[in-house]
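J.: I am attaching a structure below and will ask some questions about it afterwards.
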Amino acid sequence: MIEPDQFRKALGQFATGIAIATTLDEHGNPHGLTINSFNSVSLDPPLVLWSLDKSSHQLDIFKKSGFYGVTILAEDQKALSDRFAMPMIEDRFDGTDWQSGKTGAPLFNEFLARIDCEVESIVEGGDHVILIGRVVDLEHREGAPLLYHGSGYRKLGDAVTA
Numbered sequence: 014m015i016e017p018d019q020f021r022k023a024l025g026q027f028a029t030g031i032a033i034a035t036t037l038d039e040h041g042n043p044h045g046l047t048i049n050s051f052n053s054v055s056l057d058p059p060l061v062l063w064s065l066d067k068s069s070h071q072l073d074i075f076k077k078s079g080f081y082g083v084t085i086l087a088e089d090q091k092a093l094s095d096r097f098a099m100p101m102i103e104d105r106f107d108g109t110d111w112q113s114g115k116t117g118a119p120l121f122n123e124f125l126a127r128i129d130c131e132v133e134s135i136v137e138g139g140d141h142v143i144l145i146g147r148v149v150d151l152e153h154r155e156g157a158p159l160l161y162h163g164s165g166y167r168k169l170g171d172a173v174t175a
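When you read off a place in the sequence shown, starting at 1, and then add 13, the result is the number in the working numbering.
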């Protein structure tokens with residue numbers, strides 16, 4: 014039997030980028046959370062995925078909306094990541110600079126990349142659900158990403174040449 018804590022520690026050795034997934038509820042209110050489970054699935058058609066804990070209070074909102082946005086964060090956006098990682102902040106979007114994407118999903122105006130998606134499918138995966146999205150629009154900039162490794166934020170280091 015694999016212990017959850019050991020599983021988490023082992024996978025914590027895999028460095029990931031940090032992003033914020035966003036959507037709107039049925040009243041047009043924005044919702045979002047920090048994620049590091051984001052990944053590409055397919056180039057043709059362009060598909061991406063991220064996963065959400067089944068116990069998340071935002072799960073039904075994302076499942077019902079039919080769309081989501083993903084904003085990939087730059088290394089200087091730790092405060093925004095922290096804000097959207099905190100479960101008890103009522104209005105996470107207060108004082109943030111964002112606009113609606115083609116789907117209506119909130120997309121932050123400070124970003125390395127922002128990706129607007131329609132939900133293609135939702136797959137059960139243990140204690141999480143996997144949201145697969147078809148990319149309908151995207152935008153990217155040059156810069157250094159905010160990373161997560163070993164239970165903490167990291168910055169990109171020098172390129173490995175040998």
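Virtual Cβ for every residue (Gly too), placed ideally from N, Cα, C.
Given a cut-off of 8 Å on the beta-carbon distance, is the pair Leu46 and Ile143 in contact?
T.: With contacts defined by Cβ atoms closer than 8 Å, Leu46 and Ile143 do not form a contacting pair.
J.: Does the separation of the CB atoms of Glu39 and Lys77 fall below 8 Å?
T.: yes
J.: Who are the near neighbours of Phe106 in its chain, counting only those whose CB is closer than 6 Å to its CB and skipping five residues on each side?
T.: By the criterion of a C-beta distance shorter than 6 Å, Phe106 is surrounded in its chain by Pro43, once the five residues flanking it on both sides are discounted.
J.: Let me know the secondary structure DSSP gives Ile74 once reduced to three states.
T.: It is helical.
J.: Opposite Phe80 in the DSSP bridges: which residues?
T.: Glu131
J.: Give the range of the alpha helix (DSSP H) segment to which Phe97 is assigned.
T.: 91 to 98
J.: What does the Cβ neighbour count give for Phe27, buried or exposed, with the cut at 16 atoms within 10 Å?
T.: By the neighbour-count rule (16 or more Cβ atoms within 10 Å), Phe27 is not buried but exposed.
J.: Quick one: residues in its chain with C-beta nearer than 6 Å to the C-beta of Ala126, no 5 flanking neighbours on either side, listed in chain order?
T.: Ile85, His153
J.: For a test of the three-state rule: what should DSSP assign to Arg21, helix, strand or coil?
T.: helix
J.: Distance, Cα to Cα, Ser50 vs Gly82?
T.: So the two alpha carbons sit approximately 14 Å from each other.
J.: Output the boundary residues of the beta strand (DSSP E) element that contains Pro59.
T.: Premise fails: Pro59 is in no beta strand (DSSP E) and is neither H nor E.
J.: Buried or exposed for Phe20, going by 16 or more other Cβ atoms inside 10 Å?
T.: exposed
J.: Let me check understanding here. Comparing Cα to Cα, which of Ser69, Gly165, Thr116 lies closest to Leu151?
T.: Looking at the Cα atoms, Thr116 is the closest of the given residues.
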